[in-house]
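Q: My questions will all concern the structure given below.
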Amino acid sequence: MAAAGGPVAKATAKVRYDVDKNAGSAVATLALNAGDVKLKASATDATFVNGPSLSGLTLSVERPGAFIIDYNCPGKDWRFQFMNTIRLKEKPVSLTYIHFRGANRTTLDGTVTFDPANKVTCNYAFGTGDCKLKYAYAHGSLRRTLFEPSYDISKGVWDFAVSRKFEGDDTLKASYETSKKNLKLEWSRDSKVNGTFKMGMEMPLLDMLSRMSLSAWHKPTICNQRGGENI
Numbered sequence: 000m001a002a003a004g005g006p007v008a009k010a011t012a013k014v015r016y017d018v019d020k021n022a023g024s025a026v027a028t029l030a031l032n033a034g035d036v037k038l039k040a041s042a043t044d045a046t047f048v049n050g051p052s053l054s055g056l057t058l059s060v061e062r063p064g065a066f067i068i069d070y071n072c073p074g075k076d077w078r079f080q081f082m083n084t085i086r087l088k089e090k091p092v093s094l095t096y097i098h099f100r101g102a103n104r105t106t107l108d109g110t111v112t113f114d115p116a117n118k119v120t121c122n123y124a125f126g127t128g129d130c131k132l133k134y135a136y137a138h139g140s141l142r143r144t145l146f147e148p149s150y151d152i153s154k155g156v157w158d159f160a161v162s163r164k165f166e167g168d169d170t171l172k173a174s175y176e177t178s179k180k181n182l183k184l185e186w187s188r189d190s191k192v193n194g195t196f197k198m199g200m201e202m203p204l205l206d207m208l209s210r211m212s213l214s215a216w217h218k219p220t221i222c223n224q225r226g227g228e229n230i
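Position 4, counted from 1, in the sequence shown is what numbering that gives the first Met the number 0 calls 3; the numbers after and before it change by one each time, with no gaps.
Printed below as a string of structure tokens:
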């Protein structure tokens, strides 16, 4: 029992269902807020489909803005994430360090926010040398339209994304991957009242263009000179 005036633990539960082609998968997350630390347990349908098991079960300890530690129960694998923000010439620089113990993979993300409308993000993978740069520009006084071009330095390819937020917590997003020539369309909603969902589709741009056709039809009016009537 919490002492009078002390922090009270709060629990929240979320369920997400993803549809991929003809198959679907569900993810359930239970979070417990205990002061500055959040405890989370995530389970997929694989955890219960053949009876309770450790398949698809992930346990997490999180302190928002500081660190996240994930433990994958079936794989007995750890994931460490540490976050911090520093200032460089009066500009905030957000740093995120992520290490996957099982895969022995480490990445570092850095984001420089020049003003509320402009920011640049760099992602670097140690060992492989993969590096990606992304520029984000929020247009308009309300900044509801977001343009996000990105460049993969190691592959030498560009990707593009544009999204628009509407009143009612709806967001439409279109993105194009030049390396795969794929076009993605997404519709999402993040509402505290109506809940959260996301729907999307992905297909090669050439296939999409080949299935699209534009036709125009017009019926002319012919005047009958003898009777003056339209045919």
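Don't be surprised by glycine CBs; every beta carbon is placed ideally from N, CA and C.
These numbers come from a predicted model, not from an experiment.
Tell me the residue span of the beta strand (DSSP E) that contains I85.
A: Counting from 1 along the sequence shown, the entry for residue 85 is found at position 86. Run containing I85: 76-87, per the beta strand (DSSP E) assignment.
Q: Would you tell me roughly how many angstroms separate the C-alpha atoms of F113 and G64, rounded to the nearest one?
A: As a working note, residue 113 is residue 114 in the sequence shown. As a working note, residue 64 is residue 65 in the sequence shown. Each residue's Cα considered, the two are about 20 Å apart.
Q: Is it a yes or a no for the stretch 59-77 touching the stretch 86-94, going by three-plus beta-carbon pairs under 8 Å?
A: Flag = no, the stretch 59-77 and the stretch 86-94 do not touch.
Q: I'd like the span of the beta strand (DSSP E) that includes C121, first residue to last.
A: Here the question's residue 121 lines up with position 122 in the sequence shown. From DSSP, the beta strand (DSSP E) with C121 extends over 117-124.
Q: Does the distance from the C-beta atom of W186 to that of L171 stay below 8 Å?
A: Start at 1 with the first residue of the sequence shown, and residue 186 comes out as number 187. Start at 1 with the first residue of the sequence shown, and residue 171 comes out as number 172. Taking 8 Å as the Cβ cut-off, W186 and L171 qualify as a contacting pair.
Q: Specify the secondary structure class of T46 as computed by DSSP and reduced to three states.
A: As a working note, residue 46 is residue 47 in the sequence shown. Looking at T46 - three-state DSSP - the assignment turns out to be helix.
Q: Give the DSSP-derived three-state secondary structure of D206 in the structure shown.
A: Translated into positions along the sequence shown, residue 206 becomes position 207. Looking at D206 - three-state DSSP - the assignment turns out to be helix.
Q: What is the rounded straight-line gap between the Cα of V96 and the Cα of C130?
A: By one-based count along the sequence shown, residue 96 stands at place 97. By one-based count along the sequence shown, residue 130 stands at place 131. Checking the sequence shown, residue 96 turns out to be Tyr, not Val. Computed Cα separation, rounded: 14 Å.
Q: Assuming A124 contacts R100 (C-beta within less than 8 Å), just tell me the rounded distance between them.
A: Taking the first residue of the sequence shown as position 1, residue 124 is located at position 125. Taking the first residue of the sequence shown as position 1, residue 100 is located at position 101. Not quite, the Cβ-Cβ distance comes to about 15 Å (not below 8 Å), so this is no contact.
Q: Could you have a look at K20 and say whether DSSP puts it in helix, strand or coil?
A: Indexing the sequence shown from 1 puts residue 20 at position 21. Note that K20 scores 48 on pLDDT, short of 50, meaning its location in the model is unreliable and no value can be drawn from it.
Q: If you draw a straight line from the C-alpha of K197 to the C-alpha of D189, how long is it?
A: Taking the sequence shown and counting its residues from 1, one reaches residue 197 at position 198. Taking the sequence shown and counting its residues from 1, one reaches residue 189 at position 190. When rounded, the distance between both Cα atoms is 9 Å.
Q: Rounded to whole angstroms, what's the CA-CA distance from T11 to M82? Just pull it up for me.
A: As a first step, residue 11 is located in the sequence shown; it is residue number 12 there, counting from the start. As a first step, residue 82 is located in the sequence shown; it is residue number 83 there, counting from the start. Using only the alpha carbons, I get a separation of about 24 Å.
Q: In angstroms with no decimal places, state the Cα-to-Cα distance between L38 and D206.
A: Here residue 38 is taken as the residue at index 39 of the sequence shown, counted from 1. Here residue 206 is taken as the residue at index 207 of the sequence shown, counted from 1. Going by the C-alpha atoms only, they are around 45 Å apart.
Q: Can you tell me whether A102 is buried or exposed? The criterion is at least 16 other CB atoms within 10 Å of its CB, across all chains shown.
A: Within the sequence shown, numbered from 1, the residue matching residue 102 stands at position 103. Counting Cβ neighbours within 10 Å, A102 comes out exposed, since fewer than 16 surround it.
Q: Name the one or two DSSP bridge partners that D108 has.
A: Sequence index remark: in the sequence shown, residue 108 carries index 109 (1-based). Looking at the DSSP assignment, D108 forms a beta bridge with T95, N122.
Q: Go ahead and label T46 buried or exposed: buried means 16 or more other beta carbons lie within 10 angstroms of its beta carbon, across all protein chains shown.
A: Against the sequence shown, residue 46 aligns to sequence position 47. By the neighbour-count rule (16 or more Cβ atoms within 10 Å), T46 is buried.
Q: Tell me the DSSP secondary structure of V192 in three-state form.
A: Counted from its first residue, the sequence shown places residue 192 at position 193. DSSP places V192 in coil when its eight states are reduced to three.
Q: Look up S178 in the DSSP assignment and give the residues it is bridged to.
A: Reading the sequence shown from its first residue, position 179 is the one you call residue 178. Answer is none; S178 lacks a bridge partner.
Q: Report the three-state DSSP secondary structure of A102 (helix, strand or coil).
A: Locating residue 102 in the sequence shown gives position 103, counting from the first residue. The answer is coil: DSSP assigns A102 none of H, G, I, E or B.
Q: Leaving out the 5 sequence neighbours to the left and right, which residues in its chain are closer than 6 Å to L56 when beta-carbon positions are compared?
A: The residue labelled residue 56 in the question sits at position 57 within the sequence shown. Once the five neighbours on either side are set aside, the close Cβ partners of L56 are A42, T46, C72.
Q: Ignore the nearest five residues each way along the sequence and tell me which others in G167's own chain have a CB closer than 8 Å to its CB.
A: Indexing the sequence shown from 1 puts residue 167 at position 168. So the qualifying residues of the chain are R188, S190.
Q: Alpha carbon to alpha carbon, what distance is there between H138 and K164?
A: Along the sequence shown, read from residue 1 onward, the residue named residue 164 stands at position 165. Along the sequence shown, read from residue 1 onward, the residue named residue 138 stands at position 139. Cα to Cα, the separation comes out at about 11 Å.
Q: Quick one: give me the first and last residue of the beta strand (DSSP E) that K131 is part of.
A: Taking the sequence shown and counting its residues from 1, one reaches residue 131 at position 132. Element bounds for K131: 130-138.
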